[in-house]
Each structure stands twice: as structure tokens, then as C-alpha cells.
Ligand code: GLN
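Numbering (this note's numbering), first residue to last: 12 to 199.
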């Protein structure tokens, strides 16, 4: 059975767990360093507040281990704040976190007025998909080897690079399980 670890220090992690379990996967929560001693075949970094998550990852001693797992090929799906944690560059924030994904990301990119919105966007490999954006970032630029999976209003909102898939929106909040299905299909 496929076992997916969900970072559960802050943010919208329960919704990811429900979605994965509804698809027949086993889930474990990563709340402290010793949780990383368990075996798992995939990782989810959920939405929430990237500054809080990044600080907790370091304080809890989980940062180095997770960074190494991501760099050595663990399949990872990240949403919103998780995209910020993976980005190599943040255009409006001095923090850097895992920095394993060669993209440049703008935090809270839609401003206050458009803080949260919904739209149906087209996603490569999936088709039309309901996208929930909550104080979302978007991707300002990508390295040539990055695969662009979705753009909304001229902004890149979903990307894939090797074992890493990163989304600016929240697939765990939609009634559509195809993003999680796609992720699970990458896990042997
Ligand atoms: N605004 C949050 C941040 O910059 C991300 C929001 C989200 O994950 N829904 O960390």
C-alpha cells in the first residue's frame, strides 16, 4: 500500500489526508522529528503560512531530513505555502526554505482585494480543474527544465520538476480528486 506523509505542523493538512485515504492510500502525519523515522513513499506540504511552517520545520529538527529526501527523489506534492517552501527564489520575501525547485515565486501575489478566488483552469494531464486560491502565490519565472502544468490569467500556477509537483491553488479543497490521483500514480 502506498503510504504518504503529510506535514502537519500548521495549515490545511487534514483535507489532504482525507483525499488520499479516499483514494486508498495510507497517510501519516509529520509533527515531530521522530515521525520521520517511519517509512513513507510520498510527501505532501500543505497550504497555510509559509513563514510559520518554515520556522517550525527548523525548530522541530525536520528541515535537513526532509530536504535530503526531496533532493534524493521522494515524490512530493505541495500546495500554496508548500510551493513557497520549495521555491529557490522568492521575489518579495527574504526567507528561503527547501529551495529545491528552480522557480521564482511571489508570495500573496494577488494582493488583498483578490485574496481568495475560485476559477476553472486547464491543467496539463488532467483537463479542466476547479482551482481554489487563498492568499495565493504565483510563479513569476521558471528554469527551462521545469514543466508548466497550468496558467491562470497569464500567471503560472502549477509546475512539475522531476519528483516535485507544486501548485499555487488548493486541490484538497475541491471535490475533484484527480490531482491527488495523479500524484499517487507517481508513487510505486
Ligand atoms: N499566504 C500564505 C503564505 O505566504 C500562503 C497561503 C496558503 O497557503 N493558502 O505563506
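Even glycine gets a Cβ: it sits at the ideal position worked out from N, Cα and C.
Note that the coordinates shown come from a computational prediction; the quantities given were computed from them, not determined experimentally.
**Asked** How would you call residue 113, buried or exposed, if buried means at least 16 neighbouring beta carbons within 10 angstroms?
**Response** Buried: at least 16 other Cβ atoms inside 10 Å.
**Item:** Nearest residue (CA-CA) to residue 24, options 100, 105, 131 and 39
**Value:** Considering only alpha carbons, the answer is 39.
**Item:** From 197, 191 and 198, residue whose alpha carbon lies closest to that of residue 27
**Value:** For the set 197, 191 and 198, the Cα lying nearest the Cα of residue 27 is the one of 191.
**With 16 other Cβ atoms within 10 Å as the buried cut-off, status of residue 174** = That one is buried.
**Prompt:** Excluding sequence positions up to five away, which residues of its chain have a Cβ less than 6 Å from the Cβ of residue 52?
**Reply:** Same-chain partners within the cutoff: 13, 14 and 198.
**Asked** What is the DSSP secondary structure of residue 14, reduced to helix, strand or coil?
**Response** Reduced to three states, the DSSP call for residue 14 is strand.
**Prompt:** Going straight from the alpha carbon of residue 184 to that of residue 143, what length do you get?
**Reply:** The straight-line gap separating the alpha-carbon atoms of residue 184 and residue 143 is approximately 7 Å.
**Distance CB(residue 34)-CB(residue 160) smaller than 8 Å** = In this structure, residue 160 does not lie closer than 8 Å to residue 34 by Cβ.
**Prompt:** Would the beta-carbon of residue 54 fall within 8 Å of that of residue 68?
**Reply:** The answer is no: Cβ separation not under 8 Å.
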